[in-house]
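Using this note's numbering, the final residue of the sequence shown is 223, and nothing's skipped along the way.
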Amino acid sequence: MLDETGVFGVFAAFTVTPVRTNNAGESPDITPDGVTDLLTNYEDDVLVDAYVLEGLTPDADYMLRIHARELTTAQAFLQDFRETTLGGHSQQTEALVGLIREAVYTPDAPDLNAELEVTTYDGPEPPQYAIVIPVRKTAEWWNLSNEKQLELMRGHIEPTLEYLDSVRRQLYHASGLDDVDFITYFETDDLVAFNNLYRDLQSIPEYRYVSYGDPTLVGRLQEPATAFDQVTRQLE
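This is how it looks when you write it as structure tokens:
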């Protein structure tokens, strides 16, 4: 599904809420079983990744990244998730919505497109860390000519090529779907390389046309069952 255009990506961050005891002083049994069953029920319709954010991102304990061919399907999954015991003891703190589309600029730069196609992630699988950074473009950017935008994007892409063997990325288009224009998603085991990549992007001309973050979400990529087990232990 990640290789398809027209697929929606929803990033939903949550914090777990305290478990209240009943009159007998007993706490409800919070297990990830209901979420596991939910994933099975939706396995043909959505692709779900889970991340533990606790300690790395303020006001968030975990995050789900949901891919679906229809946004209503992703919404239905999240609604059903809230009916599970874990979902019922979670408060959603962030939601970002984007769309996977064909590349906008590189088709007009065959040489650059060719370099991107042969430069692939070659780090550990799965990578340990994930970083989500929303991006906003200025009004001035959208009024530049296509030629000028391509020139600036060439200056954006070329410095990143040396890092793409250790940093995997995915771009989501979000204009009109969210308050941001793009959602950039990264996976890596090498946070130093990611930090260097980000600093290089801050030194290029295109940087003055963008603002990054708000929020920036950082977490550890986990198998869903592992992530949910870790989160539910906080409720015990």
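For every residue, glycine included, the Cβ atom is placed at its ideal position computed from N, Cα and C.
The beta carbon of Leu188 is closer than 8 Å to those of His143, Pro146, Thr147 and Tyr194 in its chain, skipping five residues each way along the sequence.
Counting other Cβ atoms within 10 Å of its Cβ, Thr59 stays below 16 and is therefore classed as exposed.
Counting only residues of its own chain and dropping the five nearest sequence neighbours on each side, Asp95 has a CB closer than 7 Å to the CB of Leu137. The way I'd put it, the region 77 to 96 doesn't touch the region 30 to 39; fewer than three beta-carbon pairs between them come closer than 8 Å. Restricting attention to Thr93, Val122, Ala214 and Ala101, the CA atom closest to the CA of Tyr159 is found in Val122. Taking each of Val218, Val3 and Leu184 in turn and checking the Cα distance to His76, the smallest one comes out for Val3. Check the Cα spacing between Leu26 and each of Val(-3), Leu65, Asp48 and Gly(-4): the tightest is with Leu65.
When secondary structure is reduced to three states using DSSP, Glu30 falls in the coil class, being assigned neither helix nor strand. Taking the Cβ atoms as the reference, Asp176 lies roughly 5 Å from Pro111, within the contact range of under 8 Å. In the DSSP assignment, Glu174 falls within the unbroken beta strand (DSSP E) covering Phe169 to Thr175.
DSSP places His54 within a strand segment (E or B) once states are collapsed to three. Residues Ile120 and Val122 of the same chain have their beta carbon placed closer than 7 Å to that of Tyr199, with the five preceding and five following residues left out of the count.
The C-beta of Leu(-11) has fewer than 16 other C-beta atoms within 10 Å across all chains shown, which makes the residue exposed. Minimum Cα-Cα distance from Leu178 among the listed residues Thr213, Asp216 and Val154 corresponds to Val154.
Beta-bridge partners assigned by DSSP to Val35: Ile53. Three or more pairs of CB atoms, one per stretch, sit closer than 8 Å, so the region 47 to 63 contacts the region 199 to 208. Each of Phe(-2), Asp67, Glu(-9) and Gly(-7) was checked against the Cα of Phe173, and the nearest Cα belongs to Phe(-2). Taking the Cβ atoms as the reference, Ala0 lies roughly 5 Å from Thr80, within the contact range of under 8 Å. When secondary structure is reduced to three states using DSSP, Tyr92 falls in the coil class, being assigned neither helix nor strand.
Taking C-beta separations shorter than 7 Å and ignoring five residues to either side along the sequence, the partners of Glu102 in its chain run Leu148, following chain order.
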